[in-house]
Every structure is written in C-alpha cells, then in structure tokens.
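Report on one structure; see the data block that follows.
Number of protein chains: 2
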Amino acid sequence: MANIRDVARKAGVSITSVSNLLNNRSHQMSGETRLRIEQAMGELGYHPLRNMPAQDKTQSPIIGLLVPSIVNPSFSALAHEIDLAARAYRYRVLLGNSYRQEDEERAFIDDMFSQGVRGIIVAASDIRKTYFVRAAERGMMIVSYDNRFPDGIAAEARIVDSVSMDNIAAGRLAAEHLISRGCRRIIFATEATLTLSRSHKIEGFLAAMRHGNIALPYRVIEGQANRECGDAEMFELGQALVSQILAIDPRPDGIVAINDALGIGMMVGLRAAGVAIPGEISLVGIDNISLSGLASPALTSVMPPLAQMARLMVERVIRRMAQPGLPPGEYLFAPQLISRQSVRIAGH
Amino acid sequence: MANIRDVARKAGVSITSVSNLLNNRSHQMSGETRLRIEQAMGELGYHPLRNMPAQDKTQSPIIGLLVPSIVNPSFSALAHEIDLAARAYRYRVLLGNSYRQEDEERAFIDDMFSQGVRGIIVAASDIRKTYFVRAAERGMMIVSYDNRFPDGIAAEARIVDSVSMDNIAAGRLAAEHLISRGCRRIIFATEATLTLSRSHKIEGFLAAMRHGNIALPYRVIEGQANRECGDAEMFELGQALVSQILAIDPRPDGIVAINDALGIGMMVGLRAAGVAIPGEISLVGIDNISLSGLASPALTSVMPPLAQMARLMVERVIRRMAQPGLPPGEYLFAPQLISRQSVRIAGH
Numbered sequence: 125m126a127n128i129r130d131v132a133r134k135a136g137v138s139i140t141s142v143s144n145l146l147n148n149r150s151h152q153m154s155g156e157t158r159l160r161i162e163q164a165m166g167e168l169g170y171h172p173l174r175n176m177p178a179q180d181k182t183q184s185p186i187i188g189l190l191v192p193s194i195v196n197p198s199f200s201a202l203a204h205e206i207d208l209a210a211r212a213y214r215y216r217v218l219l220g221n222s223y224r225q226e227d228e229e230r231a232f233i234d235d236m237f238s239q240g241v242r243g244i245i246v247a248a249s250d251i252r253k254t255y256f257v258r259a260a261e262r263g264m265m266i267v268s269y270d271n272r273f274p275d276g277i278a279a280e281a282r283i284v285d286s287v288s289m290d291n292i293a294a295g296r297l298a299a300e301h302l303i304s305r306g307c308r309r310i311i312f313a314t315e316a317t318l319t320l321s322r323s324h325k326i327e328g329f330l331a332a333m334r335h336g337n338i339a340l341p342y343r344v345i346e347g348q349a350n351r352e353c354g355d356a357e358m359f360e361l362g363q364a365l366v367s368q369i370l371a372i373d374p375r376p377d378g379i380v381a382i383n384d385a386l387g388i389g390m391m392v393g394l395r396a397a398g399v400a401i402p403g404e405i406s407l408v409g410i411d412n413i414s415l416s417g418l419a420s421p422a423l424t425s426v427m428p429p430l431a432q433m434a435r436l437m438v439e440r441v442i443r444r445m446a447q448p449g450l451p452p453g454e455y456l457f458a459p460q461l462i463s464r465q466s467v468r469i470a471g472h
Numbered sequence: 125m126a127n128i129r130d131v132a133r134k135a136g137v138s139i140t141s142v143s144n145l146l147n148n149r150s151h152q153m154s155g156e157t158r159l160r161i162e163q164a165m166g167e168l169g170y171h172p173l174r175n176m177p178a179q180d181k182t183q184s185p186i187i188g189l190l191v192p193s194i195v196n197p198s199f200s201a202l203a204h205e206i207d208l209a210a211r212a213y214r215y216r217v218l219l220g221n222s223y224r225q226e227d228e229e230r231a232f233i234d235d236m237f238s239q240g241v242r243g244i245i246v247a248a249s250d251i252r253k254t255y256f257v258r259a260a261e262r263g264m265m266i267v268s269y270d271n272r273f274p275d276g277i278a279a280e281a282r283i284v285d286s287v288s289m290d291n292i293a294a295g296r297l298a299a300e301h302l303i304s305r306g307c308r309r310i311i312f313a314t315e316a317t318l319t320l321s322r323s324h325k326i327e328g329f330l331a332a333m334r335h336g337n338i339a340l341p342y343r344v345i346e347g348q349a350n351r352e353c354g355d356a357e358m359f360e361l362g363q364a365l366v367s368q369i370l371a372i373d374p375r376p377d378g379i380v381a382i383n384d385a386l387g388i389g390m391m392v393g394l395r396a397a398g399v400a401i402p403g404e405i406s407l408v409g410i411d412n413i414s415l416s417g418l419a420s421p422a423l424t425s426v427m428p429p430l431a432q433m434a435r436l437m438v439e440r441v442i443r444r445m446a447q448p449g450l451p452p453g454e455y456l457f458a459p460q461l462i463s464r465q466s467v468r469i470a471g472h
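The listed protein sequences correspond, in order, to chains A and B. Mind the numbering: the first sequence is residues 125 to 472 in the numbering used here, read in order. Mind the numbering: the second sequence is residues 125 to 472 in the numbering used here, read in order.
So, in structure tokens, the structure goes:
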C-alpha cells in the first residue's frame, strides 16, 4: 500500500508538504501544490483517513449528493463516479434531485441535517444562496461541483470546497477547435438559465473568437426550457433551436453547444432539415456523455476528467468531516478535447 | 383529497375490500383485486399512511435502492421515478450500484441494516439468493424490481414483493409487431447472462414465433459483455453483435433487442455496415429509454409504465415497514408498444 513518501514523490513535493496538508497546516500552500498532492493521493489510492482517529460513531457514514436530475446523463455519470469513490471509503451516497428548484435544495439540506449526514456534494443552481451558506456555518461540509465562488472573493470568505472543470478553458477549447478547422461563422448555443459555469463557458468562447480575429456574426443564441428542470429537456431544446440557427444570414458554419445533450438534439434537428454535418455545419459539445460517441456522426466534445474529480470531491468531504478546521479549497481541472466526426477537416 | 370511498369506486370493489387490504386482512383477496386497489390508490394519490400511527422515530426515513448501474439509462430513469415517489412520502433514497456483483449486493444489505434502513427496492441479479432471503427474514422489507419468483412457488413462501413489467408479454409484443409488418426471418439478440426477466422476454418471443407460424431460422443470438457489469456496455455489445447477424444466411429481416441500449448499438453497427433500417432489417427494442426517440431512425420499443411501477414499489415498501405482518404481493404491469421508424411498413 502507498505511504506518505510515495505520495510526496509522485506529487514532486516534500514529505513535509504532504504532512502539512494532512495535518491542517496548509494555509501557506499554493492551490496548485495542494491539488498535486490530492491527485497523487487519489492515483495511488492513499487513504490518510485510515490513520486518523476513529470516526465519531454518531456520525453517519453517508455522503449526500444533490444533482439537478439523475436522468441527465452528465449527472448519472457523476453519480456513478461518486458512488465508486465513496465505496472505497465504505461510505454510501444519499441521492437528491433538485430539479433546480430552491425548495428542493432547501429540503435536501434539512433532511441531511436530520439524518445526521455532515457532508454533501452539490451540483447547485447557485452555491452562494443563503441556505447553502447557513448550512456550511452550521457545520455541514459542502463540496460544490462545477459552481465556483466568483473571482475576487477572499479565500477566508470561502466556506465550501469547489471542484470544477475549468469552464473558461472548455469554452475556449471548443471554439478554438472550430476556428482551427476553418469555421468562420460560429455561434454558441445555450439554454437561457445562466449559471456561473455556463457564463464561464461563454466567456471562454468569446475570448477565442476575439483572439482568432473572428468577425461578427459570432453570437450566442439561447432557448428557454419549458419547465424549471431544464436538464432533462436539453435534447428537445436542441431540436427546437434549429429553426433559429437556420434563420441566421449568412448561415453559421460552426456551433459550440453548451452541453452534449443540447448538441445531439441540434444534430437531430439539423439532419431533419437536410443540413449536412460536418459538411455544412460543424458541431462541438461540452461534457462528453457516453452517448456522444454513438451519435451519427459521432460528436466531438470537451471532456472533464470526471473520475478524478469525483475522487477528490469524496476525499475532501470525508477529510473535512474528520478535521472540521480544514479550510475549504478551490480545485480546477483541465478539460480535454475529444475529436470525433462532427467537425469538418481543415481545407475541405 | 381522495378518500377510501373514491378508491373503492375507482377500483370497482367494495369499501370493505379496500379496508381489508389497508388493515392486513387481505389473505383471501385475489392478486388481481389487490393490484386494482393499489393502482386506484396510486392514481388518486390516496396515501393511507397519513392515517397510520406515527412512524417509529428510530426508523430511518430512508429507502434503499440497489441497481446494477446508475449509468444504464433504464436504471437512471428508474431511480428518477423512485425518487419522485419517495419524496411524496418525505422519504429519501439511498443509492447502491451492484455492478451485478454478489459482494456488492451483500455489502449493500449489511450497510442498510447498520444504517437502520428497513425497506429496500432492488433490481437484483437473482432475488432468490440466500442473502436476500435472510435479509427478508431479519425484517428487511424488500421489493424486487423486474425479478419474480419462479411460477409454482406457493404464495406463503414469497417473502418479498415483486413488481415487474410482464416480460413475457413484452417479448411477445415486440415479435408480433415484426410479424405483423411482414418480417419472416426474425432473431432475438441478447446479452448472455440470463436473468429471469430476460428468460421471460425470450419465452414471449418464442411463443409469438410459434403462434405466427414463423419457420426457422428464428433464433436467439447472444454476446458476452466483457465485464460483470454488463449494462453499461450494452451499446458496445450491440455493435459487436452485428457481424454475427450479418453472417446468418439467409440474412434476418427483423431483430428484437433485449433492451434499447443493445438495439441502438446494433443500429449504429448495421448502419456502419451499410445495412438500411428499416429497409433491409427492422428493429424493435425493449425498455423505451429516452434516447430511443432520438436515434436515427427513431427506435420502436416496448415501454413499461415506469412511473406507476415506481409509485407502487415505494408504497409497498412504506406500507410494509408500517405493517410488518402484511403479506408480500406480486404485481405485473402490462407493457405497451411505442411505434417509431425502425420497423418497415407492411407491404413495402
């Protein structure tokens, strides 16, 4: 089994640094060093908790997981990875669906407290909402998935861990890929409800457009999901957006979809309208759901390292439950472009 | 709000019958009557538990849910419907993935006992396994999803509730649809691991073949998933089966896939091999996952009434936790064929 020495070697840091992190003396450590150590622990299967004082018997070996909707393939994949990571620590996952409703988020937190659950991972509408902040103040260890505090908030004011894909990089990667393949009239398609992670994707997209000297008409188009729980409807929304896209003159030759489900819906709608993909319009999604490799043509997409992220989230929750004084951290994971068949070959 | 009178009227039974069921005097009631009453309660939103003595405070308001893998879209849809039904009773769902491994099933049961959870819904590899039987004997209220006790077991020996789609009817419906559209060389494609529900689907398929006087070569082909947790691999397996299918001489003109994921995988593989669907081969799936309507061509499929089934499962677990003496029941739900574009039009 891996020991602290192996972790230090793999992370390229001193044993003292690893020890500092494990013993809550990491306030002077850079976020990047901390992340390297955490990742080395994850990859080596090093579980410092096994050496910790036995868990308080009244504390439940349950981690709560709150997602917008488990039917959304991005979140069923997340739940799967979190369950795998939690099982390695003999924790179980208590599942909640919020449907992006505040009432459901509030009820979930109340239920976790009354269950004795003291650690939750949340893919929330907005982690800055009062009830999340209050819950953290009352001792709930919260890890926020894909939902950061805005830049400019002091480290001391951060009361939850935040684990995200670098969404700015994701939007930029998708857009740069289209530009490098020769697309020049590029749009970004999204659902209208703007979470911080969605804003970041758009920000990355716009930065790539500016940097690539892409003139107008690049633009962001958006559609409104029918119900509050927009995620399960992404496919349908993608199909519905197609008429808007085809009404743009001159017609776009590249689209970044805010998620793969929306992208696959657009693909179905574009094909029904007789538009060739990638011949006439190239398409890139974000999320890399398993379905995307099976779409026709297979959808090029930007992939978050979900298993690594899940492992870190579970470790953060468990470590902070054992050491409540541990300051929360912010962790950004670099995304990767998975190139498939939905983007034209440059020069064709 | 609906009362006991409304339930009796809707179910077409006497108020006494409803009262007998609610008060554990249903031993002489036919399964069919019981089912009618339960369904009427579900449809009317009648919750007899509200009139019951308050729940034991030491009992956890948690229901366990054990599925093979939450990444399989059939089971993420199930988890979603069960969560919705459980929330109506203010219960939460504790999720387990078994990956069809006995160790994981056993660990799940142990954890539920130590959590104080006394009711679980399980989509198990085989509900007759000793650890499920022992758990039921120790007071765990178990509802088995899509996994019946074999016919011929006496009612008294049934110790878990069983809620299933009528899988024999499902296999038959799929096959009859192909026959009615003129297919004559029909095969049934499945993963090799035979659960009871899979055997039933094949049984229904074969019955339809005999009844339709379809001569050989109807046959069952099967592929073996690489890992034990076959469900997440169904797509890939479907693609892999295509070479077997195309090697059959004369070539089949109709395929029933044991589930939609396998069917969509076959569709991708057949298309890659230049086979027209439904022009040359018609295809019917079973499960009706949300993706099937978006495949190209959209996949015809046999649909279980999942929301109704989830509601009944949650109600059975909660009612039996409140009244442990209540005998378990067996509930079969009729499936429905959803006709889309993957089956040829008769006469063409």
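Glycine residues also receive a C-beta, built at the ideal position from the N, C-alpha and C atoms. The structure presented is a predicted model; accordingly, all values stated were derived computationally and were not measured.
For Gln368 of chain A, the uninterrupted alpha helix (DSSP H) segment begins and ends at Met358 to Leu370.
Residue range Asn291 to Ser304 is occupied by the alpha helix (DSSP H) that includes Gly295 of chain B, with no beta strand (DSSP E) assigned at that position.
Ser138 of chain A sits exposed, since fewer than 16 C-beta atoms from the chains shown fall within 10 Å of its C-beta.
In terms of beta-carbon proximity, Leu145 of chain A stays away from the interface with chain B, with every pair separated by 8 Å or more.
In the DSSP assignment, Ala381 of chain B is bridged to B:Ala313.
Sequence-distant Cβ neighbours of Phe312 of chain B in its own chain, meaning closer than 7 Å and more than five residues away, are Ile326, Phe329, Val344 and Val380. Interface criterion not met: the Cβ of Ala431 of chain A is under 8 Å from no Cβ in chain B. The Cβ of Ile338 of chain A sits no closer than 8 Å to any Cβ of chain B.
Look at Gly220 of chain B: its C-beta is under 8 Å from a C-beta on chain A. Per the coordinates, the alpha-carbon of Arg133 of chain B lies some 11 Å from the alpha-carbon of Arg160 of chain B. Put simply, the stretch 199 to 211 of chain B touches the stretch 421 to 441 of chain B. At least three CB pairs are less than 8 Å apart. The Cβ atoms of Ile245 of chain B and Tyr215 of chain B do not sit closer than 8 Å to each other. For Leu394 of chain A, there are no C-beta contacts with chain B under 9 Å, since the nearest C-beta of that chain is about 12 Å from it.
The three-state reading of DSSP puts Ser288 of chain A in strand, counting E and B together. Chain-ordered, the chain B residues with CB closer than 8 Å to the CB of His204 of chain A read Ser193, Ile194, Val195 and Asn221.
By the rule that beta-carbons nearer than 8 Å mark a contact, Asp227 of chain B does not touch chain A.
Restricting attention to alpha helix (DSSP H) runs no shorter than 4 residues, the stretch 235 to 274 of chain B encloses them at 254 to 261, ordered along the chain. Closest in C-alpha terms to Arg468 of chain B, from the list B:Asp227, B:Ile405 and B:Gln447, comes B:Ile405. Residues of chain A whose Cβ lies closer than 7 Å to the Cβ of Ala201 of chain B are, in chain order, Val195. If you ignore the 5 residues before and after Ile233 of chain A, its C-beta comes within less than 8 Å of the C-beta of Ile244, Tyr255, Phe256, Ala259 and Met264, all in its own chain and listed in chain order. Counting along the chain, Ser321 of chain B sits inside the alpha helix (DSSP H) bounded by residues Leu320 to His335.
Nearest CB-CB separation between Leu418 of chain A and chain B: below the 8 Å threshold. In terms of Cβ geometry, Ser420 of chain A and Val399 of chain B do not form a close pair [threshold 8 Å]. Interface criterion met: the Cβ of Ile388 of chain A is under 8 Å from a Cβ in chain B. For Leu436 of chain B, there is no enclosing beta strand (DSSP E); the residue is found in the alpha helix (DSSP H) stretching over Leu430 to Ala446. In this structure, the beta-carbon distance from Asp285 of chain A to Ala458 of chain A does not fall below 8 Å. Check the Cα spacing between Ala332 of chain A and each of A:Val426, A:Thr317, A:Gly295 and A:Ile251: the tightest is with A:Gly295. One alpha carbon belongs to Ile186 of chain A, the other to Ser416 of chain B, and they sit about 35 Å apart.
Within the stretch 230 to 262 of chain A, the residues whose Cβ lies closer than 9 Å to any Cβ of chain B are, in chain order, Ala231, Phe232, Asp235, Met236, Ser238 and Gln239. Residue contact check for Phe312 of chain A against chain B: no CB pair falls below 8 Å. Put simply, the CB of Asp207 of chain B is near chain A, with a gap under 8 Å to one of its CB atoms.
One finds nothing in chain A with a Cβ atom closer than 8 Å to the Cβ of Leu365 of chain B; even the nearest lies about 15 Å away.
Thr319 of chain A counts as buried, since no fewer than 16 other beta carbons sit within 10 angstroms of its beta carbon. A buried status is given to Ala247 of chain B, since no fewer than 16 other beta-carbon atoms sit within 10 Å of its beta-carbon. Judged by DSSP secondary structure, Ile410 of chain B falls within the beta strand (DSSP E) whose first and last residues are Ser406 to Ile410. By the criterion of a C-beta distance shorter than 6 Å, Leu461 of chain A is surrounded in its chain by Leu297, His301 and Val426, once the five residues flanking it on both sides are discounted.
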